[in-house]
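Asker: Residue numbers (the UniProt record's numbering): 1 to 997.
In this text, a Cβ means the ideal position worked out from N, Cα and C, and glycines have one as well.
Here the structure is a predicted model, which means the values were calculated and not measured.
Structure provided below as structure tokens; questions to follow.
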Ligand code: PEP
Ligand code: MG
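Structure representation (structure tokens):
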């Protein structure tokens with residue numbers, strides 16, 4: 001989205017003529033680093049095609065598509081010419097809004113500007129403005145368009161009373177991403193107002209993210225104790241946007257003026273939207289998809305307007321236009337500013353209507369519009385790649401199908417990223433999405449297709465019930481029951497029925513209902529809710545499977561290695577660990593939360609193995625090496641034997657590690673490395689102790705918050721933290737204060753949408769915007785701890801200033817608590833409190849020397865530190881496999897951190913996933929790290945690994961690692977070092993250096 005800042009505005013410019021003005025505009029873009037000098041030619045070429053004068057003294061020069069190569073980065077420069085410049089088309093220009101755009105972002109600016117054109121006296125005010133702010137105010141802040149579209153309209157809802165309609169409408173807004181839970185709560189006590197004709201309005205500005213109007217109609221007019229209800233409208237207002245929602249209310253007025261409220265319950269969504277948009281109920285309507293690559297920008301818009309005027313001249317009716325989706329109403333297709341104001345983009349459906357008694361004239365006028373749009377409005381256009389045929393065979397392609405990728409050959413080894421340690425040998429099962437073939441249209445009639453769909457849904461429900469009865473484990477049963485509930489969702493059926501009535505087949509109608517519901521779900525800010533989209537599609541496929549008699553894939557009952565393209569955290573959580581022996585994904589990285597979950601379930605896993613693994617035939621034997629990150633496909637007998645030996649060795653090693661899990665982790669020469677647990681749930685602290693944890697090195701308190709529907713209050717937090725401290729029985733608890741943001745949203749703490757959430761408001765930056773939340777958390781932690789050892793740790797600190805800002809809160813809360821204690825007991829309390837920061841941003845590592853004097857400890861978050869150092873999103877589908885924490889750049893930052901800390905008497909832990917990487921343990925110990933914090937399951941093995949080291953070899957590993965150029969070199973240098981040590985030391989390292997499979 002393009003936005004304007006005061007720096008983009010240059011006031012009081014003078015030009016001899018329009019070419020000079022254009023030259024100045026081009027120079028401004030070049031000076032701002034937006035374009036090269038060649039862009040000027042593009043601006044001139046564009047003016048030669050047609051004038052970019054918009055109206056009200058504003059012109060919007062921009063380059064031709066050919067000149068986009070000259071754009072360095074998308075941006076805008078606004079030049080004010082107080083005396084005006086005579087433009088080449090005879091208009092007088094006072095403001096040049098010059099755009100350098102790499103794609104069609106300029107449509108946003110255009111859309112915003114066209115709103116300005118409706119206001120009186122704009123050109124005078126723009127010409128005489130003396131401050132950039134005046135121009136900014138005049139041009140108006142870009143606000144999200146108010147929503148009123150297919151996603152916010154629901155027809156034929158089987159409600160029994162007014163309250164059910166209110167909640168259905170509010171839920172519609174929630175699904176469309178306009179409102180949060182607070183809005184739904186406000187609706188519980190809201191009092192709708194009768195507008196007349198059985199149309200009711202309820203409104204609120206609580207927890208509104210974007211203005212929107214939901215309109216819900218009942219199956220038939222409802223007679224209630226409040227009166228008749230034909231439709232209920234629910235308005236979400238954004239107070240800071242003033243009257244931005246007014247057009248939505250005007251749309252409601254249109255309904256009232258039209259009369260016929262009693263007919264509303266019978267309308268389909270499309271018909272209701274048409275009525276709301278102001279389209280006359282008797283108008284003829286056509287729908288055509290816009291194909292222009294850059295949407296309806298000025299040039300094609302002009303052509304469209306011309307076509308509408310021609311239609312008016314020839315057939316005596318000027319067509320109207322609206323977007324099928326979107327919050328705007330009907331506009332005259334002959335008004336350039338109105339047409340531009342729609343901001344139509346490629347792929348959007350334009351709906352033309354013609355209201356005249358003479359049907360033949362209306363049809364002829366509409367045909368002209370369709371022909372003009374299909375001909376490209378003066379531009380060469382390509383059909384949409386994903387345009388579904390409207391008749392004949394329609395196919396739902398399965399995601400991740402690998403028709404053009406070959407399976408790896410027998411006995412080959414596929415390199416991947418080690419994600420969860422352990423080794424598994426088992427036949428594989430590749431989870432492939434099925435392919436369904438069906439006709440998009442049906443000639444059998446809507447009634448027949450409705451009946452088929454009902455039977456399909458019923459059959460799918462029976463299948464699910466059988467699965468629920470067979471399901472092992474509460475979680476599985478719960479998920480399947482949720483699927484059953486989704487199947488019965490009346491909204492899905494109602495949406496499908498609409499398409500059926502328009503001639504779609506049962507399959508096409510059902511899938512389109514599922515797909516649009518899933519897409520609405522995917523748009524939700526709450527990731528957990530967004531993940532439910534996958535469940536919806538699952539449910540959808542089950543019904544399609546019944547309708548097309550296509551069997552759905554089902555996992556074998558026998559032990560197997562699951563191979564899949566990617567897997568979400570919730571999918572991992574529901575894996576049946578008795579059957580799934582190993583996991584291989586084509587995409588993904590080691591620090592994705594799915595990989596973290598696989599580790600906690602103890603399933604050997606590799607990720608990022610590439611698409612070829614999806615082409616492996618089911619039943620092919622695989623060896624998954626979750627330690628070295630490789631998959632052996634159809635292994636030879638000797639390779640298999642070696643792997644079996646390695647597994648036996650590992651089991652032995654694990655058994656031995658388990659036996660000595662309670663002993664401290666001392667290197668062979670007596671150096672103690674503390675091994676502690678990473679936890680997300682305070683209830684798991686006892687289990688961690690049972691596995692040998694010497695404390696908790698990272699309590700991810702945001703998961704404690706996420707487990708509650710709203711921020712837990714002080715008492716709840718004290719209880720939760722107290723639970724962990726009780727279980728730790730005097731062992732230290734490092735509690736990280738809330739680390740929300742990035743990939744961990746909190747539903748009741750809505751965050752503005754950001755282009756780069758990982759570089760935005762997250763961690764301590766976010767917490768400092770709500771100091772009262774941080775304060776309550778610190779109070780709860782200190783109160784729960786009392787005299788027990790508590791370590792407070794701040795996440796995502798970038799430098800000393802942030803530490804200090806957070807520390808002020810800790811010191812204040814601590815002083816208050818101490819004073820209260822003293823007042824009650826006559827003496828200050830005994831406390832064992834330390835304060836530290838996570839080192840997970842390179843700037844914090846680089847300035848560790850300035851932070852160290854003011855902390856007791858550092859804990860290196862290698863997951864984020866690696867992400868920010870290597871500039872690879874840790875959850876990136878394909879790149880995150882390269883986000884290896886054993887990269888020398890990351891290791892150097894850890895070295896700096898350790899040196900700075902030790903110089904000031906502070907200790908250093910590592911709590912990212914690197915701490916449990918078998919190859920990394922020696923390097924970290926060698927770098928001087930004092931504590932390793934790993935998932936509970938890893939504790940015995942990490943302790944055993946430390947015991948196999950001595951400080952001198954660990955330091956040698958660190959030294960060798962630091963001088964390598966890449967992480968691959970680090971890993972192979974460490975391999976060589978281990979091989980060498982193995983030979984030199986006989987059998988003592990045998991168990992570590994398992995033979996490669
Ligand atoms: C890290 O970034 O390494 C870390 C431990 O924190 P999280 O994974 O929770 O972001
Ligand atoms: Mg982190």
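For residue 538 and residue 315, I'd like the C-alpha separation in whole angstroms.
Answerer: As a working mapping, residue 538 is identified with position 538 in the chain shown. As a working mapping, residue 315 is identified with position 315 in the chain shown. Cα to Cα, the separation comes out at about 50 angstroms.
Asker: What does DSSP give as the partner residues of residue 832 in its beta bridges?
Answerer: Numbered from 1 along the chain shown, position 832 holds the residue referred to as residue 832. DSSP, once it has assigned bridges, lists 789 as partnering residue 832.
Asker: According to DSSP, simplified to helix, strand and coil, what is residue 511?
Answerer: Here residue 511 is taken as the residue at index 511 of the chain shown, counted from 1. In this structure, residue 511 counts as helix in the three-state DSSP scheme.
Asker: Going by DSSP, which residues form a beta bridge with residue 764?
Answerer: Counted from its first residue, the chain shown places residue 764 at position 764. Looking at the DSSP assignment, residue 764 forms no beta bridge with any residue, so it has no partner.
Asker: Quick check: the segment 815-826 against the segment 839-847, are there 3 or more CB pairs under 8 angstroms?
Answerer: no
Asker: Do you know offhand how far residue 16's Cα is from residue 83's?
Answerer: Taking the chain shown and counting its residues from 1, the one referred to as residue 16 is at position 16. Taking the chain shown and counting its residues from 1, the one referred to as residue 83 is at position 83. In a straight line, the C-alpha of residue 16 is about 11 angstroms away from that of residue 83.
Asker: Is residue 795 near the ligand MG, in the sense that its beta carbon is under 7 angstroms from a heavy atom of that ligand?
Answerer: Residue numbering aside, residue 795 sits at position 795 when the chain shown is read from its first letter. At least one heavy atom of the ligand MG is nearer than 7 angstroms to the Cβ of residue 795, so yes.
Asker: Might you give, ordered along the chain, the residues of its own chain that have their beta carbon closer than 8 angstroms to the beta carbon of residue 667, omitting 5 neighbours on each side?
Answerer: The residue you call residue 667 lines up with position 667 of the chain shown. Once the five neighbours on either side are set aside, the close Cβ partners of residue 667 are 673, 925, 946, 947, 949, 950, 951 and 954.
Asker: Name the residue from 127, 229, 121 and 146 whose alpha carbon lies nearest to the alpha carbon of residue 166.
Answerer: Translated into positions along the chain shown, residue 166 becomes position 166. Selected option, being the one with the closest Cα: 229.
Asker: Who does residue 642 pair with in a DSSP beta bridge?
Answerer: Counted from its first residue, the chain shown places residue 642 at position 642. Looking at the DSSP assignment, residue 642 forms no beta bridge with any residue, so it has no partner.
Asker: Decide if the segment 621-635 is in contact with the segment 416-423; the criterion is three or more beta carbon pairs, one per stretch, under 8 angstroms apart.
Answerer: yes
Asker: Taking only runs that begin and end inside the segment 594-674, name each unbroken beta strand (DSSP E) of 3 or more residues, in chain order.
Answerer: Positions of the beta strand (DSSP E) runs, each at least 3 residues long and wholly inside the segment 594-674, are given as 605-607, 621-625 and 630-633 in order along the chain.
Asker: Considering only heavy atoms of the ligand MG, list every residue whose Cβ is less than 5 angstroms from one of them, following chain order.
Answerer: 840, 861 and 864
Asker: How big is the Cα-Cα spacing for residue 719 and residue 784?
Answerer: Position 719 of the chain shown, counted from the start, is the residue given in the question as residue 719. Position 784 of the chain shown, counted from the start, is the residue given in the question as residue 784. About 7 angstroms.
Asker: When the Cα of residue 771 is compared with those of 786, 748 and 805, which residue comes out closest?
Answerer: Counted from its first residue, the chain shown places residue 771 at position 771. Considering only alpha carbons, the answer is 805.
Asker: Please classify residue 832 as buried or exposed, where buried requires at least 16 neighbouring CB atoms within 10 angstroms.
Answerer: Locating residue 832 in the chain shown gives position 832, where the first residue counts as 1. Classification for residue 832: exposed.
Asker: Between residue 961 and residue 843, what straight-line distance do the alpha-carbon atoms span, to the nearest angstrom?
Answerer: Position 961 of the chain shown, counted from the start, is the residue given in the question as residue 961. Position 843 of the chain shown, counted from the start, is the residue given in the question as residue 843. Roughly 22 angstroms between the two C-alpha positions.
Asker: Do you know offhand how far residue 544's Cα is from residue 437's?
Answerer: Reading the chain shown from its first residue, position 544 is the one you call residue 544. Reading the chain shown from its first residue, position 437 is the one you call residue 437. Between the alpha carbons of residue 544 and residue 437 lies a gap of roughly 9 angstroms.
Asker: Rounded to whole angstroms, what is the Cα-Cα separation between residue 398 and residue 213?
Answerer: The sequence position of residue 398 within the chain shown is 398, counting from 1. The sequence position of residue 213 within the chain shown is 213, counting from 1. Because the pLDDT of residue 398 is 34, which lies under 50, any placement of that residue in the model is unreliable, and the number read from its coordinates should be weighed accordingly. If I take the Cα positions, the gap works out to 35 angstroms.
Asker: Since residue 758 contacts residue 867 with CB under 8 angstroms, what's their CB separation in whole angstroms?
Answerer: Within the chain shown, residue 758 is the residue found at index 758, counting from 1. Within the chain shown, residue 867 is the residue found at index 867, counting from 1. Sure, about 7 angstroms apart at Cβ, within 8 angstroms.
Asker: Could you tell me if the beta carbon of residue 263 falls within a distance shorter than 7 angstroms of some heavy atom in the ligand PEP?
Answerer: Taking the chain shown and counting its residues from 1, one reaches residue 263 at position 263. No, since every heavy atom of the ligand PEP falls outside the 7 angstroms radius drawn around the Cβ of residue 263.
Asker: May I ask you to report which of helix, strand or coil DSSP gives residue 20?
Answerer: Residue 20 sits at position 20 when you count from the first residue of the chain shown. Three-state DSSP puts residue 20 in a helix.
Asker: Could you tell me if the beta carbon of residue 698 falls within a distance shorter than 7 angstroms of some heavy atom in the ligand PEP?
Answerer: Position 698 of the chain shown, counting from 1, holds the residue named residue 698. Because some heavy atom of the ligand PEP lies under 7 angstroms away, the Cβ of residue 698 counts as near it: yes.
Asker: Relative to the alpha-carbon of residue 94, which residue among 333, 563 and 135 has its alpha-carbon at the smallest distance?
Answerer: In the chain shown, counting from the first residue as 1, residue 94 sits at position 94. Answer by Cα proximity: 135.
Asker: Assign residue 802 to buried or exposed, taking buried as 16 or more other Cβ atoms, counted over all protein chains shown, within 10 Å of its Cβ.
Answerer: Stepping through the chain shown from its first residue, residue 802 is reached at position 802. Its Cβ being crowded by 16 or more others within 10 Å, residue 802 is buried.
Asker: Any contact between the segment 931-944 and the segment 915-923? By contact I mean 3 or more CB pairs, one from each, below 8 angstroms.
Answerer: Under the three-pair Cβ rule at 8 angstroms, the segment 931-944 counts as touching the segment 915-923.
Asker: Excluding the 5 residues flanking residue 389 on each side, which residues of the same chain have their C-beta closer than 7 angstroms to its C-beta?
Answerer: Mapped onto the chain shown, residue 389 falls at position 389. Confidence is the limiting factor: at residue 389 the pLDDT is only 29, short of 50, which leaves the residue's position unreliable, though a coordinate-based value still follows. Correct list, in chain order: 440.
Asker: Going by CA-CA distance only, name the one from 584, 318, 424 and 550 that's closest to residue 615.
Answerer: Along the chain shown, read from residue 1 onward, the residue named residue 615 stands at position 615. Considering only alpha carbons, the answer is 584.
Asker: Please give the ranges of any beta strand (DSSP E) in the segment 857-906, keeping only runs that are unbroken, at least 3 residues long and fully inside the region.
Answerer: 857-860
Asker: Report yes if the C-beta of residue 741 is less than 7 angstroms from at least one heavy atom of the ligand PEP; otherwise report no.
Answerer: Locating residue 741 in the chain shown gives position 741, counting from the first residue. Result no, Cβ not under 7 angstroms from the ligand PEP.
Asker: Apart from the five residues on each side of it in sequence, which residues of its chain come closer than 8 angstroms, Cβ to Cβ, to residue 484?
Answerer: Numbered from 1 along the chain shown, position 484 holds the residue referred to as residue 484. So the qualifying residues of the chain are 461, 464, 465 and 468.
Asker: For the alpha helix (DSSP H) that residue 946 lies in, which residues bound it at each end?
Answerer: Mapped onto the chain shown, residue 946 falls at position 946. Element bounds for residue 946: 939-947.
Asker: List the DSSP bridge partners of residue 560.
Answerer: Your numbering for residue 560 matches position 560 in the chain shown. Looking at the DSSP assignment, residue 560 forms a beta bridge with 580.
Asker: Within a Cβ cutoff of 7 angstroms, which residues of the same chain sit near residue 1006, ignoring the five residues on either side of it in sequence?
Answerer: Absent from the structure is residue 1006, since the part of the chain shown begins at 1 and ends at 997.
Asker: Would you tell me roughly how many angstroms separate the C-alpha atoms of residue 845 and residue 179, rounded to the nearest one?
Answerer: In the chain shown, the residue the question calls residue 845 occupies position 845. In the chain shown, the residue the question calls residue 179 occupies position 179. The alpha-carbon atoms of residue 845 and residue 179 are separated by roughly 40 angstroms.
Asker: Would you call the CB atoms of residue 1011 and residue 730 closer than 8 angstroms?
Answerer: Since the first residue shown for the chain is 1 and the last is 997, residue 1011 is missing from the structure and cannot be characterised.
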